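**Student:** I have a structure here, written as structure tokens, and I will follow up with some questions on it.
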Amino acid sequence: MEIQFKIKRFNELSTSELYSLLQLRSEVFVVEQNCVYQDIDGKDEKALHILGYYNGDLAAYSRLFNKGYYFEETSIGRVVVSPKYRDKKFGHDLMRVSIKAIKESFNETAITISAQEYLKKFYESHGFIQTSEMYLEDDIPHIQMKK
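If you count by this note's numbering, then the sequence shown holds residues 2 to 148, one letter each, in order.
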């Protein structure tokens, strides 16, 4: 079985989809990474949400922004794969779908991301290049990358 993706605007998300994506983001970005920060940041309403399901579970997620909202270029953020599915390499599927959705939804190909530094090689494998020095975001080393 392969991962199945849904692409939705905020107002198209069901209550259970919203709950699942917030739960996954909290599980990884707050609990697993031991980082207390405001995940619910008021930006979800402006984002396009990519939800990847495997066997009925939300296994992967990202949110996309049109240019000028988060960065000058379009952007991909909150890229996350559930810990129980990381062995399946769904992060690569998620990035391919996210990049394609930016092109199809926003008619753009230039993308900027704020990447956790340890994932540099992962994002480079999808055509991103580092464009900043390391900086701390919520006490986690990040770098800006562009495609």
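No residue lacks a Cβ here, since even glycine has one placed at the ideal position from N, Cα and C.
All figures in this text were calculated on a predicted structure; none of them were measured in a lab.
What does the Cβ neighbour count give for Val37, buried or exposed, with the cut at 16 atoms within 10 Å?
**Tutor:** For the purposes of this step, residue 37 is taken as the residue at position 36 of the sequence shown. It is exposed - the Cβ of Val37 has fewer than 16 other Cβ atoms within 10 Å.
**Student:** Is it buried or exposed for Ala111, if we count other Cβ within 10 angstroms and need 16 for buried?
**Tutor:** Sequence index remark: in the sequence shown, residue 111 carries index 110 (1-based). Flag for Ala111 reads exposed.
**Student:** Leaving aside the five residues before and after Glu125 along the sequence, list all residues of the same chain whose C-beta is less than 7 angstroms from its C-beta, in chain order.
**Tutor:** For the purposes of this step, residue 125 is taken as residue 124 along the sequence shown, with counting starting at 1. Answer for Glu125: no residue qualifies.
**Student:** Just confirm the distance between the C-beta atoms of Glu138 and Ser115, as a whole number of angstroms; I'd bet it's less than 8 angstroms.
**Tutor:** If you number the sequence shown from 1, residue 138 lands on position 137. If you number the sequence shown from 1, residue 115 lands on position 114. With a Cβ gap of about 6 angstroms, Glu138 and Ser115 count as contacting.
**Student:** Exposed or buried, Thr16, counting other C-beta atoms within 10 Å across all chains shown (16 or more means buried)?
**Tutor:** Counting from one through the sequence shown, the residue named residue 16 turns up at place 15. Result: exposed.
**Student:** Tell me which same chain residues have a C-beta within less than 7 angstroms of the C-beta of Val98, skipping the five on either side of it?
**Tutor:** Numbered from 1 along the sequence shown, position 97 holds the residue referred to as residue 98. So the qualifying residues of the chain are Phe6 and Ile51.
**Student:** Where DSSP assigns a beta bridge to Ile8, which residues make up the other side?
**Tutor:** Mapped onto the sequence shown, residue 8 falls at position 7. Ile8 pairs with Ile51.
**Student:** Around the C-beta of Ile130, are 16 or more other C-beta atoms found within 10 angstroms, so that it is buried, or is it exposed?
**Tutor:** Within the sequence shown, numbered from 1, the residue matching residue 130 stands at position 129. Classification for Ile130: exposed.
**Student:** Excluding the 5 residues flanking Tyr70 on each side, which residues of the same chain have their C-beta closer than 7 angstroms to its C-beta?
**Tutor:** The residue you call residue 70 lines up with position 69 of the sequence shown. Lys47, listed in sequence order.
**Student:** For a quick check, are the C-beta atoms of Arg79 and Arg10 less than 8 angstroms apart?
**Tutor:** For this step, residue 79 is matched to residue 78 along the sequence shown. For this step, residue 10 is matched to residue 9 along the sequence shown. No, these two residues do not count as a Cβ contact at 8 angstroms.
**Student:** Identify whether His143 lies in helix, strand or coil by the three-state DSSP scheme.
**Tutor:** Taking the first residue of the sequence shown as position 1, residue 143 is located at position 142. Strand at His143.
**Student:** Please report the straight-line C-alpha distance between Lys104 and Gly53, rounded to a whole angstrom.
**Tutor:** Taking the first residue of the sequence shown as 1, we reach residue 104 at position 103. Taking the first residue of the sequence shown as 1, we reach residue 53 at position 52. If I take the Cα positions, the gap works out to 18 angstroms.
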